[in-house]
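Top line first, the protein sequences correspond to chains H and Y. Just so we're aligned: the first sequence equals residues 74 to 561 in my numbering. Just so we're aligned: the second sequence equals residues 213 to 682 in my numbering.
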Amino acid sequence: MEVALNNNTHKLLSKIAINDGHGENSPYFDGWKAYDTNPYHPRNNPSGVIQMGLAENQLCFDLIEEWIKNHPEASICSPQGGFDFKEIALFQDYHGLPEFRGAIANFMSRVRGSRVKFDPSRIVMSGGATGAHETVAFCLANRGEAFLVPTPYYPGFDRDLKWRTGIELIPVVCESTNNFKVTLGALEEAYDKARESNIKVKGLLITNPSNPLGTFFDKDTLKTLVRFINEKNIHLVCDEIYAGTVTNGNEFVSIAEILEEFPTICNHNLIHIVYSLSKDMGFPGFRVGIIYSYNDTVVNIARKMSSFGLVSTQTQHMVASMLSDNDFVDHFICESKIRLAHRHEMFIGELAEVGIGSLESNAGLFFWMDLRRFLKEPTFESEMTFWRIIINEIKLNVSPGSSFHCEEPGWFRVCFANMDDETVMVAVERIKSFVLERRMLEIKTKAMAKNKKQCWQNNLQLKLSSRRLEDIMSPHSPLNSPMLRAQN
Amino acid sequence: MLSAKVTCNSHGQDSSYFLGWEEYEKNPYDEVKNPKGIIQMGLAENQLSFDLLESWLQNNPQPTAFKNHKNQSIFKELALFQDYHGLPAFKNALVKFMSEIRGNTVSFDANNLVLTAGATSANETLMFCLANPGDAFLLPTPYYPGFDRDLKWRTGAEIVPIHCSSLNGFRITKSALEEAYKQAEKQKLKVKGVLVTNPSNPLGTSLSLRELDLLVNFISSKNIHLISDEIYSGTVFSSPSFISIMEVLKNRNLMNTDISKRVHIVYSLSKDLGLPGFRIGAIYSNDERVVSAATKMSSFGLVSSQTQHLLSEILSDQKFTKTYLSENRRRLKERREMLVKGLKRSRIRCLESNSGLFCWVDMRHLLSTNTFEGEMELWKKIVYEVGLNISPGSSCHCSEPGWFRVCFANMSEETLDLAMQRVKSFVDSMAKQNNQSRHPQLMNRNSRRTKSLPKWVFELSFHQREVSDR
Numbered sequence: 074m075e076v077a078l079n080n081n082t083h084k085l086l087s088k089i090a091i092n093d094g095h096g097e098n099s100p101y102f103d104g105w106k107a108y109d110t111n112p113y114h115p116r117n118n119p120s121g122v123i124q125m126g127l128a129e130n131q132l133c134f135d136l137i138e139e140w141i142k143n144h145p146e147a148s149i150c151s152p153q154g155g156f157d158f159k160e161i162a163l164f165q166d167y168h169g170l171p172e173f174r175g176a177i178a179n180f181m182s183r184v185r186g187s188r189v190k191f192d193p194s195r196i197v198m199s200g201g202a203t204g205a206h207e208t209v210a211f212c213l214a215n216r217g218e219a220f221l222v223p224t225p226y227y228p229g230f231d232r233d234l235k236w237r238t239g240i241e242l243i244p245v246v247c248e249s250t251n252n253f254k255v256t257l258g259a260l261e262e263a264y265d266k267a268r269e270s271n272i273k274v275k276g277l278l279i280t281n282p283s284n285p286l287g288t289f290f291d292k293d294t295l296k297t298l299v300r301f302i303n304e305k306n307i308h309l310v311c312d313e314i315y316a317g318t319v320t321n322g323n324e325f326v327s328i329a330e331i332l333e334e335f336p337t338i339c340n341h342n343l344i345h346i347v348y349s350l351s352k353d354m355g356f357p358g359f360r361v362g363i364i365y366s367y368n369d370t371v372v373n374i375a376r377k378m379s380s381f382g383l384v385s386t387q388t389q390h391m392v393a394s395m396l397s398d399n400d401f402v403d404h405f406i407c408e409s410k411i412r413l414a415h416r417h418e419m420f421i422g423e424l425a426e427v428g429i430g431s432l433e434s435n436a437g438l439f440f441w442m443d444l445r446r447f448l449k450e451p452t453f454e455s456e457m458t459f460w461r462i463i464i465n466e467i468k469l470n471v472s473p474g475s476s477f478h479c480e481e482p483g484w485f486r487v488c489f490a491n492m493d494d495e496t497v498m499v500a501v502e503r504i505k506s507f508v509l510e511r512r513m514l515e516i517k518t519k520a521m522a523k524n525k526k527q528c529w530q531n532n533l534q535l536k537l538s539s540r541r542l543e544d545i546m547s548p549h550s551p552l553n554s555p556m557l558r559a560q561n
Numbered sequence: 213m214l215s216a217k218v219t220c221n222s223h224g225q226d227s228s229y230f231l232g233w234e235e236y237e238k239n240p241y242d243e244v245k246n247p248k249g250i251i252q253m254g255l256a257e258n259q260l261s262f263d264l265l266e267s268w269l270q271n272n273p274q275p276t277a278f279k280n281h282k283n284q285s286i287f288k289e290l291a292l293f294q295d296y297h298g299l300p301a302f303k304n305a306l307v308k309f310m311s312e313i314r315g316n317t318v319s320f321d322a323n324n325l326v327l328t329a330g331a332t333s334a335n336e337t338l339m340f341c342l343a344n345p346g347d348a349f350l351l352p353t354p355y356y357p358g359f360d361r362d363l364k365w366r367t368g369a370e371i372v373p374i375h376c377s378s379l380n381g382f383r384i385t386k387s388a389l390e391e392a393y394k395q396a397e398k399q400k401l402k403v404k405g406v407l408v409t410n411p412s413n414p415l416g417t418s419l420s421l422r423e424l425d426l427l428v429n430f431i432s433s434k435n436i437h438l439i440s441d442e443i444y445s446g447t448v449f450s451s452p453s454f455i456s457i458m459e460v461l462k463n464r465n466l467m468n469t470d471i472s473k474r475v476h477i478v479y480s481l482s483k484d485l486g487l488p489g490f491r492i493g494a495i496y497s498n499d500e501r502v503v504s505a506a507t508k509m510s511s512f513g514l515v516s517s518q519t520q521h522l523l524s525e526i527l528s529d530q531k532f533t534k535t536y537l538s539e540n541r542r543r544l545k546e547r548r549e550m551l552v553k554g555l556k557r558s559r560i561r562c563l564e565s566n567s568g569l570f571c572w573v574d575m576r577h578l579l580s581t582n583t584f585e586g587e588m589e590l591w592k593k594i595v596y597e598v599g600l601n602i603s604p605g606s607s608c609h610c611s612e613p614g615w616f617r618v619c620f621a622n623m624s625e626e627t628l629d630l631a632m633q634r635v636k637s638f639v640d641s642m643a644k645q646n647n648q649s650r651h652p653q654l655m656n657r658n659s660r661r662t663k664s665l666p667k668w669v670f671e672l673s674f675h676q677r678e679v680s681d682r
């Protein structure tokens, strides 16, 4: 009865089940593996790898826990919320609980300083922002069509937008020479490139504030983008999941505000927002993703698709309770910004002391660190090699720019909001030690270079593992000799 | 400007199944506020055992308050937990629960379980893992209308029906399987597998051992997959007892073979525990590549950690699960009997069933013509004149007109009683009309047609008799 299957087993599964579209075979995940096998713990494993590759917001749980304690009615089937249980458990309407939609619309507005209002009837649920992005892609593009995405961008987009949908992502190259701002020239270039390859562009996806840059778009750039997509009649998808992490007051401009202030700037049917509570509130486990579209058809269809990833009504109920409490919400937003700003400043201040710079930024749960001068060569191979040193020897899991499709090697994303103050200091000390050690080495090797070649080589073998030295030396080092390289 | 998925109708929401819902929404029955409104009998919900869950929650307030057994807050841990492998405590409790439902005849490995946002997401995810766009799955008819959306819409997969007939109680036969396979080939569709719902929605019957063996033989010879949607497995309230596909594989010594790797189960807590709002679904597969791919895909629809934690506590309480399962079954059985008896008083028969939250009701004799138009005509009368939202068989892709799915577990006894009274009045008035009919010819033709079929045909429809497959 059994048929010999070995030849055919690979055809038994779908193409997408066996391809790499999930993106998890990328070297980006090596850092995670290193962390998973050797995670830092202040007492149990003080020399373990510190996780700085996870964009989580852990700074304000005390505020939330306090609120939960004082509001037992937010939890179903407490004596206070007791009679909700059946209604909540049965409710599977993909419109979502009305109070949930109202609370989300309210929160989204307050996060934007109440400068703009959101319509609860346009709020569509999804399985986190991950589910939202995939659903939006399914709604806007057919297989083989493309979205433009400015680089560097969140690696997860490769899975979320492409894997099961079959759409393409085309990079819009941004450069450090102008602080990675998106330019009209870069947009036009990417668009034209797609055209030449006979790829139909259906939209532009921006993350604002940006992951991994931690910067946000200024009003003029946003207007330029909107005019661009309007002219090309393509969609604009704005991932605003970090909107609540902007630390300097009212400078952040949401796409919603552009539409409000300049209502005739474009066809509103082209504008869609992706939101989530994972970053602003620190709730990634609760899977609260939101699609907010100005296009009625998209709202309608995305809502039907939301059946594949509705938010648990238990969670909808709790979130509705919490985010309807305006006093709490306003206090939370304000306090979160203060703590994020403080943490960010602490980090970059310490790093500046050892001459490490980063892109100037005022948002996000991370900063974009400039380690170009540590690369042996301005290549991605050098970046990867240096990154492995950071993981294996400095014992920090940070994310290399190449995993974000950055066009220039040497940039790294460093998360700062997913740990306590003590861990921050440990991480900072490790970086500082490393930099100072390297400086000592540079001084020593410069001194040694004055000696004879043989003497110099012997000392080298005694003092260092040659591979490590090779990796961290700058291109100007006299040690960059074929003889040394041959030893490897 | 938008994708083809937006403009096509594959979401299925223009079907009559959903139109009845819309009518109900406009005019819903309420004992006090709207006693003449439409009674919802098209919703397969289990509302009979909430008191058991509510009392458990009252005695165990910690899980919903984000506290652990030591009364410490675990809010932060839960809020941050987004690992797509799922909360280990929950998966362990869930596989034990699944095993318990199957009388512990089989055990499940938590590592082979993938959590998804409801069975809706589980079914779609399995399709993405097993079928390329244009590939087909064979489904026995009648089947749950939602499959048209869940299996086909975004995946691009196709469904080819395995026609089942009332002549043998809608049982799956070898010839029907072969015929469906041939049909797919004719349409140039590559068949990747069979999907069955066991116990069946809308039939309310569980698959016989004969059918399960047939399916295993079939997928073996064709080298294809079998998906067994077992979301109603906890609702089997009378004999024959539930036989899971895993049990069949075990008894035939097929575990750890290539065949067992092609068998996948879909589960959910929406029906057995009555928690559709919480979006708790699962895929169980013996193929680690499917588990691996499905786990990554579950990122698009994970179960809220808050909900995972609550359910892990409930399901770990084995004293509770034991009581719940048996009491729930007892109440379902009682309620089903009430529906069957009520319909019998109106001389309407149901397919003999042992499970589910609904009955498969035979109203063929009430059709004015033995066609789907006749079925629609009758259905509209039932919705608008009788005031009951039931689901017409055509929405479930039934190949014979005149069958309707009627749910019984989503309302109070009083409401069910009222529904039965309404049916009685309707049938009585129809009989009166027929007697006073201005078309005696038509009436005679009808009775002639009925008399032309031997009695045994009707007996077969109502009793599960094993018909030998040819």
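For glycine and all other residues, C-beta sits at the position ideal for the given N, C-alpha and C.
Note down the Cα distance separating K394 of chain Y from V403 of chain Y, rounded to an integer number of angstroms. As a working note, residue 394 of chain Y is residue 182 in the second sequence. As a working note, residue 403 of chain Y is residue 191 in the second sequence. Cα-Cα distance, rounded: 10 angstroms.
Span of the alpha helix (DSSP H) around S450 of chain Y: Here the question's residue 450 of chain Y lines up with position 238 in the second sequence. Neither: S450 of chain Y is in no alpha helix (DSSP H) and is coded neither H nor E.
Just by C-beta distance, which residues in the stretch 256-267 of chain Y are closer than 8 angstroms to chain H? E257, Q259, F262, L265 and E266
Would R268 of chain H be called buried (16 or more neighbouring beta carbons within 10 Å of its own) or exposed? Counting from 1 along the first sequence, the entry for residue 268 of chain H is found at position 195. Exposed, since its Cβ has fewer than 16 Cβ neighbours within 10 Å.
V326 of chain Y in three-state terms, based on DSSP: Mapped onto the second sequence, residue 326 of chain Y falls at position 114. Strand at V326 of chain Y.
I believe V489 of chain Y touches L163 of chain H by the beta-carbon criterion, under 8 angstroms. Please report the beta-carbon distance rounded to the nearest angstrom. Here residue 489 of chain Y refers to the residue found at position 277 of the second sequence. Here residue 163 of chain H refers to the residue found at position 90 of the first sequence. Looking at the sequence shown, residue 489 of chain Y is not Val but Gly. With a Cβ gap of about 6 angstroms, G489 of chain Y and L163 of chain H count as contacting.
From L78 of chain H to R422 of chain Y, what distance separates their C-alpha atoms? Here residue 78 of chain H refers to the residue found at position 5 when the first sequence is read from its first residue. Here residue 422 of chain Y refers to the residue found at position 210 when the second sequence is read from its first residue. Summary for L78 of chain H: the model assigns pLDDT 40, below 50, so the residue's position carries little reliability; its value from the coordinates is reported in the next sentence. One C-alpha to the other measures close to 26 angstroms.
Can you give me the C-alpha to C-alpha distance between V471 of chain H and R416 of chain H, rounded to a whole angstrom? On the first sequence, position 398 is the one that residue 471 of chain H refers to. On the first sequence, position 343 is the one that residue 416 of chain H refers to. Their backbone Cα atoms lie some 17 angstroms apart in a straight line.
Nearest CA to the CA of I429 of chain H: which residue from H:V487, H:L295, H:E334 and H:I406? Here residue 429 of chain H corresponds to residue number 356 of the first sequence, with the count starting at 1. Comparing Cα-Cα distances from I429 of chain H to each of H:V487, H:L295, H:E334 and H:I406, the minimum goes to H:V487.
Let me see if you follow: with CB-CB separation under 8 angstroms, is F134 of chain H close to chain Y or not? Against the first sequence, residue 134 of chain H aligns to sequence position 61. At least one chain Y Cβ lies under 8 angstroms of F134 of chain H.
Please report how far the alpha carbon of I594 of chain Y lies from the alpha carbon of P411 of chain Y, in whole angstroms. As a first step, residue 594 of chain Y is located in the second sequence; it is residue number 382 there, counting from the start. As a first step, residue 411 of chain Y is located in the second sequence; it is residue number 199 there, counting from the start. The alpha-carbon atoms of I594 of chain Y and P411 of chain Y are separated by roughly 27 angstroms.
So what does DSSP say about S538 of chain Y, is it helix, strand or coil? By one-based count along the second sequence, residue 538 of chain Y stands at place 326. Three-state result, S538 of chain Y: helix.
Closer than 7 angstroms at the beta carbon, the chain Y residues around I149 of chain H: The residue labelled residue 149 of chain H in the question sits at position 76 within the first sequence. Neighbours of I149 of chain H on chain Y, chain order: T276.
What residue from H:G229, H:T238 and H:M198 has the CA that sits closest to G217 of chain H's CA? The count along the first sequence starts at 1 and reaches residue 217 of chain H at position 144. With distances taken between Cα atoms, G217 of chain H lies closest to H:T238.
State yes or no: is the C-beta of F211 of chain H nearer than 7 angstroms to some heavy atom of the ligand MG? Absent from the structure shown: the ligand MG. Ligands present: none.
Starting from V245 of chain H, trace the beta strand (DSSP E) in both directions and tell me its first and last residue. In the first sequence, counting from the first residue as 1, residue 245 of chain H sits at position 172. Run containing V245 of chain H: E241 to V245, per the beta strand (DSSP E) assignment.
Exposed unless 16 or more other CB atoms sit within 10 angstroms - verdict on Q530 of chain Y: Reading the second sequence from its first residue, position 318 is the one you call residue 530 of chain Y. Looking at its Cβ environment, which holds fewer than 16 other Cβ atoms inside 10 Å, Q530 of chain Y is exposed.
Which runs of the alpha helix (DSSP H) spanning at least 4 residues fall entirely within the stretch 365-435 of chain Y, listed in chain order? 386-398 and 421-434
Within 8 angstroms, strictly: CB atoms of Y355 of chain Y and C608 of chain Y: Taking the second sequence and counting its residues from 1, the one referred to as residue 355 of chain Y is at position 143. Taking the second sequence and counting its residues from 1, the one referred to as residue 608 of chain Y is at position 396. Yes. Within cutoff.
Mind listing the chain H neighbours of V307 of chain Y? Cutoff is C-beta to C-beta under 9 angstroms, in chain order. The residue given as residue 307 of chain Y occupies position 95 in the second sequence. Within 9 angstroms Cβ-Cβ: nothing; V307 of chain Y doesn't reach chain H, min ~20 angstroms.
For N130 of chain H and G474 of chain H, the rounded distance between their alpha carbons: Taking the first residue of the first sequence as position 1, residue 474 of chain H is located at position 401. Taking the first residue of the first sequence as position 1, residue 130 of chain H is located at position 57. Near 21 angstroms, if we compare the C-alpha coordinates of N130 of chain H and G474 of chain H.
Keeping to the same chain, check which residues put their C-beta closer than 6 angstroms to that of I477 of chain Y; ignore five residues upstream and five downstream. Here residue 477 of chain Y corresponds to residue number 265 of the second sequence, with the count starting at 1. Cβ within range, chain order: S440, E442 and Y496.
Once DSSP output is grouped into helix, strand and coil, what is the label at F191 of chain H? Taking the first sequence and counting its residues from 1, one reaches residue 191 of chain H at position 118. Correct three-state label for F191 of chain H: coil.
Within a Cβ cutoff of 6 angstroms, which residues of the same chain sit near M632 of chain Y, ignoring the five residues on either side of it in sequence? For the purposes of this step, residue 632 of chain Y is taken as residue 420 along the second sequence, with counting starting at 1. Cβ within range, chain order: G554.
Helix, strand or coil: how does DSSP classify N98 of chain H here? If you number the first sequence from 1, residue 98 of chain H lands on position 25. It is coil, neither helix nor strand.
Please confirm whether N582 of chain Y and P613 of chain Y have their CB atoms less than 8 angstroms apart. Within the second sequence, numbered from 1, the residue matching residue 582 of chain Y stands at position 370. Within the second sequence, numbered from 1, the residue matching residue 613 of chain Y stands at position 401. Yes, the Cβ-Cβ distance between N582 of chain Y and P613 of chain Y is below 8 angstroms.
Tell me, please, whether the CB atom of L578 of chain Y is closer than 8 angstroms to any CB atom in chain H? By 1-based counting over the second sequence, the position of residue 578 of chain Y is 366. No, L578 of chain Y does not count as interfacial toward chain H.
Which residues in chain H sit within 7 angstroms of E336 of chain Y, going by Cβ to Cβ distance? As a working note, residue 336 of chain Y is residue 124 in the second sequence. Those are F381, listed as they occur along chain H.
At what residue ranges does the stretch 283-331 of chain Y contain a whole run of the alpha helix (DSSP H), taking only runs of 4 or more? 287-292 and 300-313
I want to verify the contact list: residues of chain Y whose CB lies under 8 angstroms from the CB of T388 of chain H, in sequence order. By 1-based counting over the first sequence, the position of residue 388 of chain H is 315. Going along chain Y in sequence order, the residues near T388 of chain H (Cβ under 8 angstroms) are S516, Q518 and T519.
If you check the beta carbons only, do F447 of chain H and F489 of chain H fall under 8 angstroms apart? Taking the first residue of the first sequence as position 1, residue 447 of chain H is located at position 374. Taking the first residue of the first sequence as position 1, residue 489 of chain H is located at position 416. Not closer than 8 angstroms, so no.
Can you check whether the C-beta of T370 of chain H is within less than 8 angstroms of a C-beta belonging to chain Y? One-based indexing of the first sequence puts residue 370 of chain H at position 297. Yes, T370 of chain H counts as interfacial toward chain Y.
Can you find a CB in chain H that lies within less than 8 angstroms of the CB of C341 of chain Y? Working through the second sequence from its first residue, we reach residue 341 of chain Y at position 129. So, interface residue.
Starting from I177 of chain H, trace the alpha helix (DSSP H) in both directions and tell me its first and last residue. Position 104 of the first sequence, counted from the first residue, corresponds to residue 177 of chain H. P171 to V184 is the span of the alpha helix (DSSP H), which, as asked, contains I177 of chain H.
N- and C-terminal bounds of the alpha helix (DSSP H) containing V209 of chain H: Within the first sequence, the letter at position 136 stands for residue 209 of chain H. Note, V209 of chain H: alpha helix (DSSP H), G201 to L213.
Identify, in the order they occur along the chain, each residue of the same chain with its Cβ nearer than 7 angstroms to the Cβ of S409 of chain H, setting aside the five sequence neighbours on each side. The residue given as residue 409 of chain H occupies position 336 in the first sequence. Excluding residues within five positions, the ones whose Cβ falls inside 7 angstroms are L132, C133 and G317.
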